[in-house]
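Just below is one structure, and these are the notes that go with it.
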Amino acid sequence: MRANEQLVWVDEAHDRAYASDGVSRYGAYLRDCLLIDEGEPLDAVSFAAMAWRIACQPVMSPGFVRFGRDVSSVRCRRNDENPEELVTDLEVLLPWPVHLDRLRLRGWRDWDRERPWAIDDPGPFIEPAQECRALMFRADLQLPTSTVGLPVPALPGVDVEAAKEAVSLLCQRINAGAGPVLDALSTSWREVRR
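Next comes the structure, spelled out in structure tokens:
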């Protein structure tokens, strides 16, 4: 991660530009993928988790929600211990720490970088070729995520604006909650250990 880089964000411009219905690509996916009972609206936690799942890859590709270059997955789910709460699980790919990088373990590979389009951007991590021996590091973060202020659909069925609001709020909370931790981890991970 680079300082001030967002972990997750909503790509409204791409959503509008590539909308099959002329309004919202995400809205079309919601209408196609949403499997809910028409009798009762979802509670805020179920609605937010469902809105997030549809907004991300692999359901939408590219997603309505985009991930930072070293973030491989972000999942929002109901807390197993308290169903009134959300938990966000993030998986972040990490380069070798400096002390391993200096040793360059003979015959072992780190993550490769996707070929960049811009010279100053190293591109996202990708797995090295499968015939190579590889030592690849990941960090898994679990983040309790506030449900305060998440929209609650008033009516059963698809509420695109409420889904967009839920996803936007989740992006803000994930960036605020996990961003500083990942910045600190990234900095300390790359420092020379004495």
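Under the UniProt record's numbering, residue 194 is the last one in the sequence shown; the count climbs by one each step, no gaps. No residue lacks a Cβ here, since even glycine has one placed at the ideal position from N, Cα and C.
Ala-139 sits in a strand when the DSSP states are folded into three classes. Only exposed fits Val-98, as fewer than 16 other CB atoms lie within 10 angstroms of its CB. Annotated as proximal: Asp-15 and Tyr-26, with beta-carbon spacing under 7 Å. Uninterrupted alpha helix (DSSP H) stretches at least 4 residues long and entirely within the segment 49-121 occur at 98-103, given in chain order. Judged by their CB atoms, Arg-78 and Ala-44 are not nearer to each other than the 7 Å cut-off. Counting C-beta pairs closer than 8 Å gives fewer than three between the segment 103-112 and the segment 53-65, which falls short of the contact rule. Taking Ala-139 as the centre and dropping the five residues before and after it, the same chain places the C-beta of Val-92, Leu-94, Leu-185 closer than 7 Å to its C-beta, in chain order. Inter-residue distance for Asn-175 and Gly-68 is about 10 Å (C-alpha atoms, whole angstroms).
Between Leu-7 and Ala-178, the C-beta gap is smaller than 7 Å, which places the two residues in contact. Taking 7 Å as the cut-off, the beta carbon of Ser-20 is found closer than this to the beta carbon of Ala-28. Around the Cβ of Leu-155, a 10 Å sphere holds fewer than 16 other Cβ atoms; the residue is exposed. Spatial neighbours of Arg-53 in its own chain (CB-CB distance under 8 Å, excluding positions within 5 residues in sequence) are listed in chain order as Val-59, Arg-75, Cys-76. Non-local C-beta neighbours of Glu-165 in its own chain, meaning closer than 7 Å and more than five positions away in sequence, comprise Pro-151, ordered along the chain.
If you draw a straight line from the Cα of Glu-85 to the Cα of Gln-172, it comes to about 17 Å.
Comparing alpha-carbon positions, the option among Ile-126, Leu-30, Asp-80, Met-136 lying closest to Ala-163 turns out to be Leu-30.
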